[in-house]
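S.K.: Numbers in this note's numbering are just positions in the sequence shown, counted from 1, shifted up by 369.
I have a structure I would like to understand better, so I am pasting it below and will then ask my questions one at a time.
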Amino acid sequence: MRNKKRWGSYEDTRNHKKVHAELLKRYEIYVDVDWIRTWDSELAELNQNKRGAPYQFPPSMIHWQAFLVEKFSTRGAEAITRKLESYQLLPKCNDHATIHRRVSKMNLKFDIPKGVKLHIGTDGSGFKQTYSGEYFQSKYGKTRRKFMRVTITATKNEILDVDVQLNEKGMDSEPTSAQNHIENILEQGGEVQKVYDDGAFDVKKYFNFLGQKKIESAIRIRCNASTKANGSMRRKKEVLLFKKHPLKEWSKLKDYGHRWPMTEGHFSAIKRIFGDCAKAKHRRNVISELKRKVWLYNELRKYGNIA
370 MRNKKRWGSY
380 EDTRNHKKVH
390 AELLKRYEIY
400 VDVDWIRTWD
410 SELAELNQNK
420 RGAPYQFPPS
430 MIHWQAFLVE
440 KFSTRGAEAI
450 TRKLESYQLL
460 PKCNDHATIH
470 RRVSKMNLKF
480 DIPKGVKLHI
490 GTDGSGFKQT
500 YSGEYFQSKY
510 GKTRRKFMRV
520 TITATKNEIL
530 DVDVQLNEKG
540 MDSEPTSAQN
550 HIENILEQGG
560 EVQKVYDDGA
570 FDVKKYFNFL
580 GQKKIESAIR
590 IRCNASTKAN
600 GSMRRKKEVL
610 LFKKHPLKEW
620 SKLKDYGHRW
630 PMTEGHFSAI
640 KRIFGDCAKA
650 KHRRNVISEL
660 KRKVWLYNEL
670 RKYGNIA
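Shown next as structure tokens:
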């Protein structure tokens, strides 16, 4: 039975009419073909000073087809595009092989907000490489199901960076991925003011890194943490503060609850919209596909924003 006293009452302050309108607008992207108007100008810019065979299909078309590929397949994207061609809405249609090649080579760049102090959270979540269950794998499979860890760094409203690690020896830890993401954000002119992370980030090296960059933190400390510095005065201060207050009081003091929409909320939406399993089989394609899922979700959110 759910313990209602643990979380207390929740007051919903959302503007439901606006939220409903934004959710509806997001899915307009699947039928938004305004990019046809800029077909010629995009190709002219893309093929300027290009050596070899020129591009025949504009980047905005590939961007639109990437959404279709994740929902259906490359052949599904070809069929839908071919239908638009039959209605004479676009000059020509590409085949599924071209769609796969162009979509796989897309530049998945995340925009970093400038001129604002960012409050970010980092977390990882597991994705599968097959839909088969444990029994099927043990009965018929030569190997067990392979899992991948997708780590994102995000604000409440948008994702800022992502990396994919196969679950194998030598993979980067979550704090290492978070440190790389923050360095990338700072290099692009972003300003990180505070991070919100779970207990997996209670690492001295990570605390020292945040101290060097003068970034505030709301990181849950392990209950049995030592109060000795042992090479990290920054962590010692956080441990003393954590032990001084009860968990609920510390959480309110640090606004630790803000971590949930920054990480868990995004992962929940990504898996509900695009699934938690990679269709690709080869290592490079699996990594590319999972990064693309995160990037497309971020683009979907931005498309649906209503000022």
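Idealized CB from N, CA, C, for every residue including glycine.
Nothing here was measured: the structure is a model prediction, and the numbers come from that model.
Run through DSSP, which three-state label would Lys497 get?
M.R.: If DSSP states are grouped into helix, strand and coil, Lys497 belongs with the strands.
S.K.: I think Leu659 touches Val533, with their Cβ atoms under 8 angstroms apart; what is that distance to the nearest whole Å?
M.R.: Contact flag correct, Cβ pair sits at about 5 angstroms.
S.K.: Could you name each continuous alpha helix (DSSP H) segment of 4 residues or more that falls completely within the stretch 533–563, going from the start of the chain to the end?
M.R.: Segments of the alpha helix (DSSP H) lying fully in the stretch 533–563: 543–556.
S.K.: Quickly, what does DSSP pair Glu585 with across the bridge? List them, please.
M.R.: Looking at the DSSP assignment, Glu585 forms a beta bridge with Lys563.
S.K.: Would you grab the beta carbon distance between Ala349 and Tyr575 for me? Rounded to a whole angstrom, and I think it's under 8 angstroms.
M.R.: Residue 349 is absent from the model: the chain starts at 370 and stops at 676.
S.K.: Could you check which residue in Tyr424, Met430 and Glu585 has the C-alpha nearest to that of Arg603?
M.R.: Out of Tyr424, Met430 and Glu585, Glu585 has the C-alpha closest to the C-alpha of Arg603.
S.K.: Spatial neighbours of Ala523 within its chain, please: CB distance less than 7 angstroms, with the 5 preceding and 5 following residues excluded, ordered by chain position.
M.R.: Only Ile489, Gly490, Leu529, Met631, Thr632 and His635 meet the Cβ criterion.
S.K.: Helix, strand or coil: how does DSSP classify Val402 here?
M.R.: Coil at Val402, not helix or strand.
S.K.: Given that a residue counts as buried once 16 or more other Cβ atoms are within 10 Å of its Cβ, and exposed if not, what is Asp403?
M.R.: Per the 10 Å Cβ criterion, exposed.
S.K.: Does the Cβ of Tyr565 have 16 or more other Cβ atoms within 10 Å, making it buried, or fewer, making it exposed?
M.R.: Buried, because 16 or more other Cβ atoms sit within 10 Å of the Cβ of Tyr565.
S.K.: What residue range is occupied by the uninterrupted alpha helix (DSSP H) comprising Arg471?
M.R.: Where Arg471 is concerned, the enclosing alpha helix (DSSP H) stretches over His465 to Ser473.
S.K.: Under a three-way DSSP split, which group does Asp409 fall into?
M.R.: If DSSP states are grouped into helix, strand and coil, Asp409 belongs with the helices.
S.K.: Quick one: residues in its chain with C-beta nearer than 7 angstroms to the C-beta of Leu609, no 5 flanking neighbours on either side, listed in chain order?
M.R.: So the list reads Thr596, once near-sequence residues are dropped.
S.K.: So Ile431 and Met475 are in contact, right, with Cβ under 8 angstroms, and what is the actual spacing, rounded?
M.R.: Indeed, because the Cβ distance is near 7 angstroms, the residues count as touching under 8 angstroms.
S.K.: Should Lys508 go down as buried or exposed, given a rule of 16 or more other Cβ atoms within 10 Å for buried?
M.R.: Lys508 is exposed by the Cβ-count criterion.
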